[in-house]
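Visitor: Submitted below is the structure of interest, expressed as structure tokens.
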Amino acid sequence: MTANYRYLIEDFCKLCGLENSGQIMRGGPVVVDGSMFSLIYSETVNPDIMFIYCDCGDVPLGRQADAYKALLEANLFLYTGTGPSFTVSDETGRVLLVDQYPLRDKSAPEELRNVLSQLAALAKEWRTDHFLEKSASRFRSSSARIPGLNWPS
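Position 29 (the sequence shown) corresponds to 38 in our numbering; numbering is contiguous.
Next up, the structure:
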């Protein structure tokens with residue numbers, strides 16, 4: 010575990026009033042704005058990145074095909090080459106929102122908190138209607154979409 014990762018998580022926990030920084034460093038759960046996250050670091054995979062996993066919830070019974078289609082459409086508009094993107098856990102079948110966070114010499118805990126809040130807002134949106142009401146149209150004006158591409162209406 011690099012010092013950058015350790016300091017970021019310790020400072021993040023201080024900022025958020027969390028006392029279990031050791032557990033969070035080992036991938037233990039942390040709740041931000043009502044969404045549960047795991048922050049995963051693997052020096053062997055990439056020492057400069059922390060992986061973020063947000064549990065968005067279950068796929069609605071009886072509408073799985075529509076929900077999976079909506080998630081794929083959301084990925085089309087959200088994915089920037091590094092994240093975020095939706096996936097499904099092979100262990101639980103629950104929808105996850107995954108992203109990566111670059112570790113720098115002075116990664117700011119406030120920045121991490123803001124990223125987690127933005128991801129939590131997307132997770133909350135998923136839990137509200139499973140993207141079945143407005144589908145991908147909600148993402149067409151997203152600032153996360155790839156610049157320079159003209160998306161069909």
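We treat Cβ as the ideally placed atom computed from N, Cα and C, and that holds for glycine.
Just so it is clear, the structure is predicted and the values come from calculations on it, not from any experiment.
#1: Anyone know if the C-beta pair for Leu-106 and Cys-63 falls short of 7 Å?
#2: Can you give me the C-alpha to C-alpha distance between Ser-51 and Val-39, rounded to a whole angstrom?
#3: Helix, strand or coil: which one does DSSP assign to Met-34?
#4: Would you mind sorting Asp-99 into buried or exposed? The rule is 16 or more other CB atoms within 10 Å of its CB.
#5: Would you mind giving the Cβ-Cβ distance between Phe-118 and Leu-17, rounded to the nearest angstrom? I have them listed as a contact below 8 Å.
#6: Between which two residues does the alpha helix (DSSP H) containing Val-124 stretch?
Guide: Judging by the given coordinates:
#1: Residue 106 sits at position 97 when you count from the first residue of the sequence shown. Residue 63 sits at position 54 when you count from the first residue of the sequence shown. Yes, these two residues count as a Cβ contact at 7 Å.
#2: As a working mapping, residue 51 is identified with position 42 in the sequence shown. As a working mapping, residue 39 is identified with position 30 in the sequence shown. Looking at the two C-alpha atoms, the distance is approximately 18 Å.
#3: Stepping through the sequence shown from its first residue, residue 34 is reached at position 25. Residue state, collapsed to three classes: helix.
#4: Within the sequence shown, the letter at position 90 stands for residue 99. The residue is exposed, with fewer than 16 neighbouring Cβ atoms inside 10 Å.
#5: What you label residue 118 is simply residue 109 of the sequence shown in a count that begins at 1. What you label residue 17 is simply residue 8 of the sequence shown in a count that begins at 1. Checking the displayed sequence, the identity of residue 118 turns out to be Pro instead of Phe. So it is a contact: roughly 6 Å between Cβ atoms.
#6: In the sequence shown, the residue the question calls residue 124 occupies position 115. DSSP places Val-124 in the uninterrupted alpha helix (DSSP H) bounded by 118-138.
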